[in-house]
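Protein chains in written order, with my numbering: chain A, 42 to 363; chain B, 197 to 505; chain C, 219 to 546.
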Amino acid sequence: MSLRYLAKKLFTLAVTLYVTVSFNFLLFHVLPGNPVQLLARSGHFDPAARAQLVKLFGLDHPLIVQYFIYLKDMVHGNLGFSYVYRQPVTTVLGGAIGNTVLLVGTATLVTIVVGIWLGVVAASRAHSLSDATITVTSLGLWSMPDFFTGMILIFICGVWTHILPISGLVTPGLVTGTWGHLVDVARHLILPALTLTLVNAAEFSLISRNTLVDVMVEDYMLTARAKGLSRRRIIWRHALRNATLPIVTATALYVGMILGGAIQVETVFSWPGMGLLIYNSVVQRDYPVLEAAFLIFAIAVIATNFISDLLYQVLDPRVRRA
Amino acid sequence: MSDAGGPTGARLPDEEMTRDAEFTSRARRGVLRSVWHDPMGRSGLIMLFIVLFVIMIGPLIFPFDSQSFGTSAASILQPPSRAHWMGTTELGQDVFRQFLVGGRISLYVGLSATLIAIVLGAGLGLVSGYYAGWRDTMLMRVTDFFLVLPTLPLIIVLAALFGQSILVTSLVIGLTSWPQTARIIRSQVLSLRERPLIQRVRSLGAGDLRIMRKHILPNVAPLIFANLALVLSGAVLAQAALAFLGLGDPVQVSWGTTLHNAFNSGAMSEGAWWYVLTPGVGIVVMVLAFSLVGHSLDRVLNPMLRGER
Amino acid sequence: MSLLDIEDVSVDYRIGSGSLRAVDHVSLRVEQGEALGIVGESGCGKTSLGLAVPMLLPANASISSGSISLGGRELVGMSERELNQLRWTEVAFVFQGAMNALNPVQRVDRQILEAITAHDSHADREVAGARVLELLELVGIAAARAKSYPHEFSGGMRQRAMIAMALACRPSLLIADEPTTALDVISQAQILALLDSLRRSEGLSLMMISHDLSAIKRVCDRIVVMYAGVVVESGTTEEVLGRRGRPAAAQHPYTKALIAAHPDLGGARSLAQGLSGHPPDLSVPITGCRFADRCDSAMEICREQAPASLSVSPGHVAACHLARRLVP
């Protein structure tokens, strides 16, 4: 990877981040539905409190000044003050981010492994019965809203059979050692992670399958067969290695989808992460928290895309030296 | 087998012209039939027909009165029975009748959001692909920015800021669902404009608008159509998620709203599966129908557009 | 005994609900150390025939009749495991120059090494590595370039690397499908010279598939002309195409047309310029001679009855109603 390329990519990243931050300002501070107006309209405040709030948020300044104050706050990592928790937003988010990373990370990992494996199975028997079964099942799972899948799992594993905990991060009041705590968290993690995985692995397997099917008809695949390589080696070494590139790109686009799913799943399973925070801040009209959470989601997706771009450079010898 | 043999020599523009015309008419005639002959497409069309029939005719036969609450403890959260085919809600309302009405809202929001997204996406894709150059670069930068933004969180934020009427919901989903369409249409237009026919018509002095309307639009129309079905399934899902998170129209009860009520009324711990399953299955069937048709259309159209047999 | 004996082989493709016979009861032989050229327009079945030998036909194609034996072993009906042992060690393939036949994300030396280790799991890595460099040198690629990726090579170099890989397991038969197509004229000449010298130095038998008569004339001892899935003429290259002052003695009007399209067999690259019309649709049964519709000398009998193969001189066969025994 050339330094020039890296520099160019870093510049694009910086511009994208700046645009995202500004877009966020536009959403929450400029457009007609700005939070203070909304709060006032919803009758939360008397005029005196409203005036105080206007001053607190610097809304008495002209927009352009507000914009620079906003940018300055961003640079200093000051994301505002939560109305509901009466704490800095960064403190409120702090605990939640780790939980979401745990949930989304687990789900993404399993999604990639299971999705690719199913994709390989379907593609290596393309147009057969098992291929059709995987494709139709995937479409069916994809058609299920994440929250609905979660609710069904709650019925099956929590209401009817009680085999797994269906709410929260830990069992309230449970006193155990470190090991017991880890096991407890892991048990709570299963259902939300499974929900996210079911929906996303479905589509991921479709993408892997289609990419692999495209690769399979490439000329070098015929060469690999002509060389007398084993079927396993042909698929895992030659086909999958070439299919990795589009799959990496797809994975990056996926993170946005998985985060969207996390909001629903965390809500359904009361998993104390960013998604639940977003849901609660919507319900309680806690706009500073909503604003910051959205910004962090957007930055996470942008960062993932950046990383996947770099990864592409490393993985594809054709662009590496271009 | 692409041997370099066979008759060579430049193909006459007129031949190219008839080929284009042939493609368009063949596409129009054959597409629906091909989808019907595809098992995936056929099951999608049948499901779609059933869904439409149920939600269009159903409420006429079983009207839903949102004011008719259950009055006694014996009428709330009741399992399916003769009187209430799909049981009752925590307010003693009939789940089945609510289901019939709710489907209309889900479909209505889905359709109007899709219309906005497709017009926006196809329009930007057309302009971007046709003019290329700086206009393309600029539009694609914007498109890529919106493509990267996490869609559902953005929709949630917008709905939280702008309100919860079905109009706002449709607008919000529509305004965030266009980038994919724009990308797809643009790349198709990019390849179309290099075709000899378009080049020739342009050299004859035809205006941009005329070329777009007469020669480009008819050729991308099938692609728009295929994309429409896929955007539609995404829009129905987005609407459901929004309503489930409490950002749906509180008056116009959609399937997502019913699920929101079921979840928040504690119906789950009461084991009221009918309350959850009925609207949920409705969403799944509707989304599945659209995506089956969309995938099938895509499969039928893609090789055609690439000019393969 | 011939090295390769193709006997009465037909290849059918399933297309939609119907089927298409790309190769129709073809028989031919390649002797030990011989170079056989197969020529014909695109779609005449020559590529399918080549792919059929190591059983590499696409999934929708099948061999519906006949037998293929290589070194006395029957390949039709052989298990995939047995075939994999045979592939590359007995019969190697060089694909079209235009094809991206080398894996784009694997270094060239690795791809060649893979061919060696796949067939000899006990191979010493150093010995095998040295063999890779030796092979590359044999085809004129410096050891310093061995660790390149395919896209870093020119078309001619890629094709030479492909040939080096084909020689990796010392096969007895090399099938080259359009080895020079899409290469520039100089690379074409180099590749042909390379194939010609290798087959002598390595004791290879060669089956070269091409639409380019001059390429075949340059390398091959014998020629088989295919049209619409059948063999219409075969004989020594010298007799059919003419060489060293002897005029071409081709008997079939199709072969004659091919030759006519190459006024000087050394230069012109495109085939069939002198030939109008298209080959027949193979998905419907054909009565009579398949070439009749495009043949200037077609007679009534040509549309009613398929011509039988006639031995016009020792080793020279033509399938045409007009063919006559040559007077020596």
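Positions of the beta carbon are idealized from the N, C-alpha and C atoms, including for glycine. The model shown is predicted, which means the values in this text are computed figures rather than measured ones.
- prompt: Could you give the residue range of the alpha helix (DSSP H) that holds B:Asp332?
  reply: Gly329 to Val344
task: Would you check if the distance between the CB atom of A:Pro313 and the CB atom of A:Ala137 is smaller than 8 Å?
output: yes
message: Taking the straight line between their C-alpha atoms, what separation do you get for C:Thr473 and C:His480?
response: 11 Å
- request: Give the secondary structure of B:Pro375 by DSSP, where H, G and I count as helix, E and B as strand, and everything else as coil.
  value: helix
message: Can you check which of these residues, C:Ala433, C:Lys435, C:Val443 and C:Cys387, is closest to C:Leu422 by C-alpha distance?
response: C:Cys387
Exposed unless 16 or more other CB atoms sit within 10 angstroms - verdict on A:Ala55: exposed
field: C-beta contact flag for C:Val535 and C:Glu451 at 8 Å
entry: yes
- prompt: Quick one: any contact between the stretch 290-301 of chain B and the stretch 443-451 of chain B, if contact means 3 or more CB pairs under 8 Å?
  reply: yes
query: Between the C-alpha atoms of C:Ala526 and C:Val443, what's the straight-line distance to the nearest angstrom?
result: 15 Å
query: If the cut is a Cβ gap below 9 Å, which residues of chain A does C:Phe311 touch?
result: Leu263, Thr264, Ala267 and Lys268
- prompt: In whole angstroms, what is the alpha-carbon distance linking C:Met219 and C:Glu249?
  reply: 8 Å
- prompt: To which residues of the same chain is A:Ile231 closer than 6 Å at the C-beta, ignoring the five residues directly before and after it?
  reply: Leu205
- prompt: Would you say B:Thr519 and B:Phe292 are within 8 Å of each other, going by their C-beta atoms?
  reply: Nothing can be reported for residue 519 of chain B, as the shown portion of chain B is limited to 197 through 505.
task: Select from C:Gly263, C:Arg363, C:Gly453 and C:Pro532 the residue whose C-alpha is nearest the C-alpha of C:Arg328.
output: C:Arg363
query: With which residues is A:Pro129 paired in a DSSP beta bridge?
result: A:Phe122
Short CB-CB distance (under 8 Å) between B:Pro349 and chain A: yes
query: Does the beta-carbon of A:Asp388 have 16 or more other beta-carbons within 10 angstroms, so that it is buried, or is it exposed?
result: The displayed coordinates of chain A run from 42 to 363. Any statement about residue 388 of chain A would go beyond what the structure contains.
- request: Give every residue of the same chain whose Cβ lies closer than 6 Å to the Cβ of A:Gly316, excluding the five residues on either side of it in the sequence, and list them in chain order.
  value: Ala303, Ile304 and Glu307
- prompt: If you run the structure through DSSP and keep just helix, strand and coil, what is C:His369?
  reply: helix
query: B:Phe421 by DSSP, collapsed to three states: which one?
result: helix
- request: Give the straight-line distance between the Cα atoms of A:Thr236 and A:Arg359, rounded to the nearest whole angstrom.
  value: 38 Å
- prompt: Over what stretch of residues does the beta strand (DSSP E) that includes C:His337 continue unbroken?
  reply: Premise fails: C:His337 lies in the alpha helix (DSSP H), Val326 to His337, not in any beta strand (DSSP E).
message: Helix, strand or coil for A:Asp357? Go by DSSP, reduced to three states.
response: coil
task: Tell me whether C:His539 sits in a helix, a strand or coil according to DSSP, three-state version.
output: coil
field: Element boundaries [alpha helix (DSSP H), containing C:Glu298]
entry: Glu298 to Leu304
- prompt: Does the ligand ZN have even one heavy atom less than 7 Å from the beta-carbon of B:Ile351?
  reply: This structure does not include the ligand ZN; it has no bound ligands of any sort.
- request: Measure from the alpha carbon of C:Gly295 to the alpha carbon of each residue in C:Leu356, C:Ser280 and C:Asp342, then state which is nearest.
  value: C:Ser280
field: Limits of the unbroken beta strand (DSSP E) element including C:Ile427
entry: Ser423 to Ser428
query: For A:Val106, does the count of other Cβ atoms within 10 angstroms reach 16, so buried, or fall short, so exposed?
result: exposed
Top-ranked residue by Cα proximity to B:Gly490, from B:Ile420, B:Ser383 and B:Arg331: B:Ile420
task: Name the two residues that bound the continuous alpha helix (DSSP H) containing C:Thr454.
output: That residue, C:Thr454, is in no alpha helix (DSSP H); its beta strand (DSSP E) goes Val448 to Thr454.
field: Closest by C-alpha distance to C:Asp395, when choosing among C:Ile404, C:Asp430, C:Val350 and C:Thr505
entry: C:Asp430
- prompt: By Cβ distance below 7 Å, which residues in the same chain neighbour C:Tyr231 in space, the five residues on each side in sequence not counted?
  reply: Ser237, Leu238, Ala240, Asn278 and Ala279
message: With a threshold of 8 Å between beta carbons, is A:His70 in contact with chain C?
response: no
query: Mind checking whether B:Leu345 and A:Ala344 have CB atoms under 8 Å apart?
result: no
field: Closest residue to C:Tyr367 among C:Asn302, C:Asn318 and C:Arg349 (Cα-Cα distance)
entry: C:Asn318
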